[in-house]
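Undergrad: Numbering (my numbering), first residue to last: 12 to 495. The beta-carbon is built from N, C-alpha and C at its ideal position, and this holds for glycine as well.
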Amino acid sequence: MDQADLEKLWAITIPLTQLDSSPPDQTYKAPLDSAGTVFVPPPSDSDSGAGSQQGSGEFPSFLGVSAHVNLVRPDSAPEDLARSAGYELREVIGQGGMGVVYRARQASLQRDVAIKTIKERGKGEPKFVSEARATGKLDHPNIVPVYDLGATSHGETILAMKLVEGASWKEVLHPSGPESEARAARYELEDHLETLVQVANAVSFAHSKQLVHCDLKPENVMLGDYGEVLVMDWGLAVDVSETPEPDSTLVHRSMITAPCGTPAYMPPELAAGKGAEITPRTDVYLLGAILVELLTGKPPHRGKKLPEVIYQAFLSHPPALEDVPDELREIAHKALARKPEDRFASVTEFRDAVRGFLKHRESLVIVDAARKRLLRAQGAATTDTAYEDFSAAIAGFEHARVLWAENEAAGEGLREARVAYAQSALAHEDLRLAEAQLVQLPAGADKDALAAQVGAAQTQRARDARQALVLRVALAGALAAIVI
Numbered sequence: 012m013d014q015a016d017l018e019k020l021w022a023i024t025i026p027l028t029q030l031d032s033s034p035p036d037q038t039y040k041a042p043l044d045s046a047g048t049v050f051v052p053p054p055s056d057s058d059s060g061a062g063s064q065q066g067s068g069e070f071p072s073f074l075g076v077s078a079h080v081n082l083v084r085p086d087s088a089p090e091d092l093a094r095s096a097g098y099e100l101r102e103v104i105g106q107g108g109m110g111v112v113y114r115a116r117q118a119s120l121q122r123d124v125a126i127k128t129i130k131e132r133g134k135g136e137p138k139f140v141s142e143a144r145a146t147g148k149l150d151h152p153n154i155v156p157v158y159d160l161g162a163t164s165h166g167e168t169i170l171a172m173k174l175v176e177g178a179s180w181k182e183v184l185h186p187s188g189p190e191s192e193a194r195a196a197r198y199e200l201e202d203h204l205e206t207l208v209q210v211a212n213a214v215s216f217a218h219s220k221q222l223v224h225c226d227l228k229p230e231n232v233m234l235g236d237y238g239e240v241l242v243m244d245w246g247l248a249v250d251v252s253e254t255p256e257p258d259s260t261l262v263h264r265s266m267i268t269a270p271c272g273t274p275a276y277m278p279p280e281l282a283a284g285k286g287a288e289i290t291p292r293t294d295v296y297l298l299g300a301i302l303v304e305l306l307t308g309k310p311p312h313r314g315k316k317l318p319e320v321i322y323q324a325f326l327s328h329p330p331a332l333e334d335v336p337d338e339l340r341e342i343a344h345k346a347l348a349r350k351p352e353d354r355f356a357s358v359t360e361f362r363d364a365v366r367g368f369l370k371h372r373e374s375l376v377i378v379d380a381a382r383k384r385l386l387r388a389q390g391a392a393t394t395d396t397a398y399e400d401f402s403a404a405i406a407g408f409e410h411a412r413v414l415w416a417e418n419e420a421a422g423e424g425l426r427e428a429r430v431a432y433a434q435s436a437l438a439h440e441d442l443r444l445a446e447a448q449l450v451q452l453p454a455g456a457d458k459d460a461l462a463a464q465v466g467a468a469q470t471q472r473a474r475d476a477r478q479a480l481v482l483r484v485a486l487a488g489a490l491a492a493i494v495i
């Protein structure tokens with residue numbers, strides 16, 4: 012498939028007249044070929060605002076709920092709020108092409124929640140309910156909890172969720188003001204990788220429920236003020252079970268025949284709309300795309316216009332990752348393999364690879380600290396200080412090897428530290444201390460040389476001891492003769 016063919020395919024999702032002007036980091040959703048759930052096409056310029064949609068008061072038939080949700084808007088009369096046992100909408104805290112998210116007050120439990128509503132009633136309720144029920148199936152510490160799904164007396168569909176005080180991961184990676192810059196300053200690469208591990212935990216759990224997210228990106232991850240990491244926006248979640256459950260409102264992969272997702276991050280199967288190829292390895296690719304952004308500051312698929320980005324996603328050539336740790340480069344390239352079978356077999360395997368790097372990274376940091384202690388020991392002014400630093404250096408190298416047994420720098424540092432410690436002990440005639448280091452050394456020329464030095468020192472000490480004994484005996488005899 013060439014770029015022209017791909018653009019024709021994408022015309023199902025985005026009108027060709029909008030293709031060049033559409034941003035590559037936006038989520039795009041295409042209609043499905045089923046009468047069940049329908050994705051909403053991308054927003055037009057007029058699709059903005061959060062205006063209230065008034066209806067006939069009838070409940071949408073697809074909701075399957077029987078109770079009204081009392082929703083009091085900011086301009087409601089006070090007596091309406093007093094009578095309400097539902098939610099009082101406050102300020103808008105976010106919005107996208109289809110929905111608006113409000114901060115709201117839940118009257119019954121006296122708590123703040125997030126309320127998501129649909130911008131245009133009648134346009135996307137089935138997809139909205141599908142997203143809500145997909146999220147509702149996933150009870151996990153790293154997935155935003157859903158509290159309620161219902162309809163107002165005006166026929167508005169709403170979703171009540173946990174209100175997360177914090178910022179999106181995207182805001183932390185790309186701060187745009189003093190507040191976000193201050194938050195971003197608290198994150199080092201290791202912190203971002205730990206966040207990626209938590210995201211992978213959430214996604215792995217979703218996979219155990221046969222759900223694939225299909226739109227993982229920093230924008231869809233919330234970082235709470237108290238350390239929470241929550242995967243949001245399951246609007247593209249796909250059921251990858253062998254056969255869809257009867258009467259399910261979830262989107263099954265067999266229903267997807269057109270492109271969907273975020274072009275800057277998406278794998279080839281989403282770029283080409285191949286629903287049958289969506290598997291957990293689709294999310295592995297997306298996690299790899301996030302890793303690339305953590306390492307380079309940009310997602311893997313880039314270009315001046317959307318068609319170019321889409322074609323890059325379809326081709327999925329390995330990104331050039333310069334000046335990054337070799338281990339992370341290998342992880343990213345494997346996760347971003349064009350063929351799903353060449354990627355990590357599971358999100359868990361990807362997560363463990365990232366965890367392995369973090370352990371290795373910690374091990375290398377400890378090696379650096381241990382080497383500094385070794386250098387200080389070799390230049391110490393007193394024996395006690397030198398011995399203390401030698402001991403600390405050896406302990407550091409040993410700990411680094413516990414974290415990463417294959418850390419060659421730790422093994423070499425440990426050998427150097429023991430040899431230097433033994434030589435220092437020899438110089439100060441602490442032969443037992445030197446011998447204690449000698450027995451810990453692996454076989455090699457330096458051990459043989461050190462053993463020869465220790466042996467020679469022990470021989471000399473024994474000779475000196477015998478000579479001292481002879482001298483003492485002779486002296487004692489001389490003293491006895493004088494006395495007699």
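Pick helix, strand or coil for Leu-222, following the three-state DSSP scheme.
TA: Here Leu-222 sits in strand by DSSP.
Undergrad: Between the region 387–401 and the region 215–230, can you find at least three pairs of beta-carbon atoms closer than 8 Å?
TA: Segments in contact, no.
Undergrad: Starting from the Cα of Arg-366, find the closest Cα among Arg-349, Glu-253, Ile-342, Val-376 and give me that residue.
TA: Ile-342
Undergrad: In whole angstroms, give me the CA-to-CA distance for Val-335 and Asp-202.
TA: Taking the straight line from one Cα to the other gives about 16 Å.
Undergrad: Quick one: using the 10 Å Cβ neighbour count with 16 as the cut-off for buried, is Pro-453 buried or exposed?
TA: exposed
Undergrad: If the criterion is Cβ atoms closer than 8 Å, does the pair Leu-298 and Val-358 meet it?
TA: The Cβ-Cβ distance between Leu-298 and Val-358 falls below 8 Å.
Undergrad: Within a Cβ cutoff of 7 Å, which residues of the same chain sit near Trp-21, ignoring the five residues on either side of it in sequence?
TA: Correct list, in chain order: Leu-30, Pro-270, Ile-321.
Undergrad: Could you check if Leu-347 is buried or exposed, using at least 16 other CB atoms within 10 Å of its CB as the buried criterion?
TA: buried
Undergrad: According to DSSP, what are the bridge partners of Lys-173?
TA: Val-124
Undergrad: In this structure, how does DSSP classify Gly-407 when only helix, strand and coil are distinguished?
TA: helix
Undergrad: With DSSP as the reference, identify every bridge partner of Ile-154, one or two as the case may be.
TA: Looking at the DSSP output, Ile-154 sits in a beta bridge with Val-242.
Undergrad: Just confirm the distance between the C-beta atoms of Met-233 and Gly-177, as a whole number of angstroms; I'd bet it's less than 8 Å.
TA: Rounded, the Cβ-Cβ distance is 6 Å, consistent with contact.
Undergrad: Note down the Cα distance separating Ala-489 from Leu-482, rounded to an integer number of angstroms.
TA: 10 Å
Undergrad: Assign Met-266 to one of two classes, buried (16 or more other C-beta atoms within 10 Å of its C-beta) or exposed (fewer than that).
TA: buried
Undergrad: Confirm, please, whether the CB-CB distance from Lys-138 to Gly-272 is below 8 Å.
TA: No, these two residues do not count as a Cβ contact at 8 Å.
Undergrad: In chain order, what residues of the same chain have a beta carbon less than 8 Å from the beta carbon of Arg-382, not counting five sequence neighbours either side?
TA: Ala-404, Gly-424
Undergrad: Just the Cα atoms here: how many angstroms apart are Phe-401 and Ala-428?
TA: Distance between the alpha carbons of Phe-401 and Ala-428: 7 Å.
Undergrad: Less than 8 Å separating the beta-carbons of Ala-217 and Leu-149?
TA: yes
Undergrad: Are the CB atoms of Ser-141 and Thr-254 within a distance shorter than 8 Å?
TA: no
Undergrad: Only counting the same chain, and skipping five residues up and downstream in sequence, which positions put a Cβ closer than 8 Å to that of Ala-283?
TA: Annotation for Ala-283: Met-12, Leu-17, Leu-20, Pro-270, Phe-325 place their beta carbon closer than 8 Å to its own, counting only its chain and skipping 5 residues before and after.
Undergrad: Can you list, in chain order, the residues of its chain with a C-beta nearer than 6 Å to that of Gln-117? Leave out the 5 residues immediately preceding and following it.
TA: Contacts found: Tyr-98, Val-124.
Undergrad: Alpha carbons only, please: which of Thr-28, Glu-373, Gln-478 is nearest the one belonging to Ala-416?
TA: Glu-373
Undergrad: On a Cα-Cα basis, can you pick out the residue from Thr-394, Gly-235, Ala-420, Pro-291 that is closest to Phe-361?
TA: Pro-291
Undergrad: Can you check whether the CB of Ile-289 is closer than 8 Å to the CB of Val-249?
TA: For Val-249 and Ile-289, yes; Cβs fall inside 8 Å.
Undergrad: Report the residue from His-165, Gln-434, Asp-379, Pro-274 whose alpha carbon sits nearest the alpha carbon of Ile-129.
TA: His-165
Undergrad: Compute the Euclidean distance between the alpha carbons of Ala-115 and Arg-354, then round it to the nearest angstrom.
TA: 42 Å
Undergrad: For Met-266, which three-state DSSP category applies?
TA: If DSSP states are grouped into helix, strand and coil, Met-266 belongs with the helices.
Undergrad: Using CA atoms only, rank isn't needed, just tell me which of Ile-154, Phe-408, Pro-34, Glu-446 is closest to Ala-211.
TA: Ile-154
Undergrad: Near Thr-24, which residues of its chain fall below 6 Å by C-beta distance, leaving aside the five closest residues on each side in sequence?
TA: Apart from the 5 residues on each side of it in sequence, Thr-24 sits with its Cβ closer than 6 Å to the Cβ of Tyr-39, Ala-41, Ala-269, Pro-270 in its chain, given in chain order.
Undergrad: How far does the alpha helix (DSSP H) with Ala-428 in it extend, from its first residue to its last?
TA: 419–438
Undergrad: Give the DSSP bridge partners of Val-249, in chain order.
TA: Val-223, Val-262
Undergrad: Output the distance between the C-alpha atoms of Asp-159 and Asn-231, rounded to the nearest integer angstrom.
TA: Spanning the two alpha carbons is a distance of roughly 20 Å.
Undergrad: What is the C-beta distance between Ala-436 and Ala-445, in whole angstroms, given that I count them as a contact (C-beta under 8 Å)?
TA: Right, the Cβ-Cβ distance comes to about 4 Å (below 8 Å), so this counts as a contact.
Undergrad: Can you list, in chain order, the residues of its chain with a C-beta nearer than 7 Å to that of Lys-345? Leave out the 5 residues immediately preceding and following it.
TA: Arg-354, Phe-355
Undergrad: Consult DSSP for Ala-348 and reduce its assignment to one of helix, strand or coil.
TA: coil
Undergrad: Measure the C-alpha to C-alpha separation of Leu-480 and Ala-421 and round it to an integer number of angstroms.
TA: 46 Å
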